[in-house]
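Add 11 to the 1-based position in the sequence shown for our numbering, that's all there is to it.
Glycine included, each C-beta is placed from N, C-alpha and C at the ideal position.
Owing to the predicted nature of the structure, the values given are computational and were not obtained by experimental measurement.
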Amino acid sequence: MKKTIQQLQESLGQYRFEIRHLTVLFIILIVFQIIISFIHKISLQKILVNTQEWYQQDSAERLANLTTTSLELLLESRSKNDRLKKHEVTKIIQDLNIILSQQYLQQNVQEICLLVRVDSVLYAIDDGHVLYEYVFGGNKQLPPPSRSHQQAIQMYEAMEQEFAAKEQIHTIVADEQTFHIFVPFVPRGELAGAVYMRNTPDFSFITNEMISGYDETSITYSALMLFGLLAMFYISSYTLKERNKAQAMLFEEQKKHLAEQINIENELLFAKRIYHTHHKAEKIMGFIKEDIRQMTPETIDVVKVRINKYANFIARVIYDMKWYAPPVHTIRSPIFNTNINEVLQFLVDHVFKRLSLEPEAISFHLELDQTLPVSHINEFVMWEVFEPIIQNSLDHAGNNIVKVTIKTEFDQQNHLIRVFIMDNGKGIEPWLLERNDAGVKKIFLEHTSTKRSGDLQHSGYGCYIAYEIATQRCGWEVDAENLSDGGCKFTFTIPV
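If you want it as structure tokens, here you go:
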């Protein structure tokens, strides 16, 4: 369980919530609350209206049915053959008038009458005396009613046959509020007509009160929810602001620390490069001293040219010691017209052949394309590139007799110069030819070497320096591979 909770926390911790996320969430919650409240109000109002309509019709029909029943019971309490005294007749007429007229005391009853057919003529009776004469006196000449009931007569005529066949309460709803109710009038079990009542019951005040109460509750709930969300939004936004502020401070601190770390690494890298170039410069200084000691009048001109190149290389080394990232124009410029063949020939004749303690154990074979155009790269920058690679072939060949082949060719179609440095040694170990995530082979990485003794701190730096200068400063391409018949090959692709 704890592991599951921890995994859930870790998965949620991957997401970074900002103030804009909380704002969107806050707006969505408010909109959802408004929509839900609106839908719920409409649903409640619909239910209340339907209930109100049903109850209005039911109450109107009950009132009409009660009135009809009262008339029937009153009329059935006396027989036509009974000889009634005058005060009894007056009492019956008074009761009939009360039944017919007291319904108007109801706020919603607007019209009531008894509809009967006499000799194919439909009459409306709304007076107790007329009703008594019709029932007990057998009067067929009925006087006109006290009110006009023409609409009721027309509606009853349209439905009389169906009404007589079913003898059930029939209600016609008009304008959704007015109920025209026809109740069968059946004194002594015989259909004599219909009691008509026009009723407009109004219970909207109940519905309005309920909806108003719901609105108040909904507004109160929404207000409380809104204030709660506002409080949460304020607290969350304040927390996020503090977090962002702390993160900004942390980022600045990390940036500062990273800058310091980069400066330290650059200084260390610069120091290592100085060490490496200083080591090369020491060798060249030895050559200069030796040439000066052995200089004769006959060789002075040749030695001067050689010493001048040595001195220029020393000057370049000192210049590199001063600058970690020297200006581009000191490396590449139209003022430089360097012959690559001459640079390679000079390195072989006046550097590596002078370094070899056993000349018979090392041989150089140069295949130089004389059609090579000049290159606009500083001659001594080229020296810094080619010298470590040739030295690598001598140091790691592993054979008693080392043969180094240096070849140049010019690709006129693609305007490219290619320089190949090959040896007949044991080749490069396969793991050094693997590429890292940046696509660079490991042999060109810093501190990558097959040496297992000596100064390991500064091992694996020659190929790294050559690769960095060639690719980053000169714009060349460098590759390394093993040959099928033994040994390895370094390829420099130089755009012209």
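Which residue wins for smallest C-alpha separation from I510, given the options V328, S229 and S404? Nothing can be reported for residue 510, as the shown portion of the chain is limited to 12 through 507.
Does R429 come out as helix, strand or coil in the three-state DSSP assignment? Reduced to three states, the DSSP call for R429 is strand.
Using the Cβ count rule (16 or more neighbours within 10 Å means buried), how would you classify W394? With 16 or more other CB atoms across the displayed protein chains lying within 10 angstroms of its CB, W394 is buried.
Measuring alpha carbon to alpha carbon, tell me which of M170, Y145, A163 and P195 ends up nearest T189. A163
Would V314 pass as a contact of M306 if the rule is Cβ separation under 7 Å? yes
What does the alpha-carbon distance come out to for the pair K96 and P155? Straight-line Cα distance between these residues: approximately 27 Å.
Would you report the Cα separation of H160 and E201, rounded to the nearest angstrom? 24 Å
Assign R73 to buried or exposed, taking buried as 16 or more other Cβ atoms, counted over all protein chains shown, within 10 Å of its Cβ. With fewer than 16 other CB atoms across the displayed protein chains lying within 10 angstroms of its CB, R73 is exposed.
R327, buried or exposed, once every other Cβ within 10 Å from all chains shown has been counted against 16: The residue is buried, with at least 16 neighbouring Cβ atoms inside 10 Å.
For G204, which of helix, strand or coil comes out of DSSP? strand
Give the single residue among N274, R304, D434 and F324 whose Cα lies nearest to the Cα of E293. F324
Is F431 near T504, with beta carbons less than 7 Å apart? no
Proximity of L125 and I110 at Cβ, strictly below 7 Å: Going by C-beta atoms, L125 is not nearer than 7 Å to I110.
Would K256 be called buried (16 or more neighbouring beta carbons within 10 Å of its own) or exposed? exposed
Could you spell out where the beta strand (DSSP E) holding P5 opens and where it closes? Nothing in the structure corresponds to residue 5, since the chain is present only between 12 and 507.
By DSSP, does P198 sit in helix, in strand, or in coil? If DSSP states are grouped into helix, strand and coil, P198 belongs with the helices.
Along the chain, where does the beta strand (DSSP E) that runs through H387 open and close? Run containing H387: none; DSSP gives neither H nor E here.
Proximity winner among V396, I103 and E122, relative to R158 (alpha-carbon distances): The residue from V396, I103 and E122 with its alpha-carbon nearest to that of R158 is E122.
Taking the alpha carbon of E440 as the point to measure from, which residue in Q105, A408 and F238 has its own alpha carbon closest? Of Q105, A408 and F238, the residue nearest in Cα terms is A408.
Can you give the beta carbon distance from T78 to M208, rounded, assuming they're within the 8 Å contact cut? 7 Å
For Y225 and L85, believed in contact at Cβ under 8 Å, the rounded distance: With 8 Å as the limit, L85 and Y225 do not qualify as a contact, their Cβ atoms being about 46 Å apart.
Please state the DSSP three-state secondary structure of L191. Sequence check: residue 191 is His here, not Leu. It is a strand residue.
Taking the alpha helix (DSSP H) that H181 falls in, what are its first and last residues? Here H181 belongs to no alpha helix (DSSP H); instead the beta strand (DSSP E) covers H181 to A185.
Hey, could you find the ends of the alpha helix (DSSP H) K102 is sitting in? K97 to S112
With a threshold of 16 other CB atoms inside 10 Å of the CB of I346, please say whether the residue is buried or exposed. exposed
Nearest to I401 by CA position, among E220, D360 and L427, is which residue? Looking only at E220, D360 and L427, the smallest Cα-Cα distance to I401 is reached by D360.
List the whole-angstrom C-beta distance separating M533 from L494, where the pair is believed to meet the contact cut-off of C-beta under 8 Å. Nothing about residue 533 can be reported from this structure: the residues present for the chain run from 12 to 507 only.
Got a sec? Which residues, its chain only, sit under 7 Å from P506 by beta carbon, not counting five neighbours each side? Within the same chain, P506 has close Cβ partners H426, L427 and G486.
In whole angstroms, what is the alpha-carbon distance linking S223 and F244? 30 Å
Is DSSP giving H376 helix, strand or coil here? In this structure, DSSP gives H376 an extended state, which the three-state scheme calls strand.
Using the three-state DSSP reduction, which class does C474 fall into: helix, strand or coil? C474 carries a helical assignment under DSSP once its states are collapsed to helix, strand and coil.
Ignore the nearest five residues each way along the sequence and tell me which others in F37's own chain have a CB closer than 7 Å to its CB. Within the same chain, Cβ atoms closer than 7 Å to the Cβ of F37 are found at L240 and F244, the five residues on either side in sequence being excluded.
Given a cut-off of 7 Å on the beta-carbon distance, is the pair V396 and N348 in contact? Going by C-beta atoms, V396 is not nearer than 7 Å to N348.
Can you tell which of A71, A75, R317 and E87 has the C-alpha that lies nearest to the C-alpha of E353? R317
Nearest to V489 (by Cα), restricted to the options G498, G497, Y475 and D496: Of G498, G497, Y475 and D496, the residue nearest in Cα terms is Y475.
Inter-residue Cα distance where the pair is K437 and C499: 8 Å
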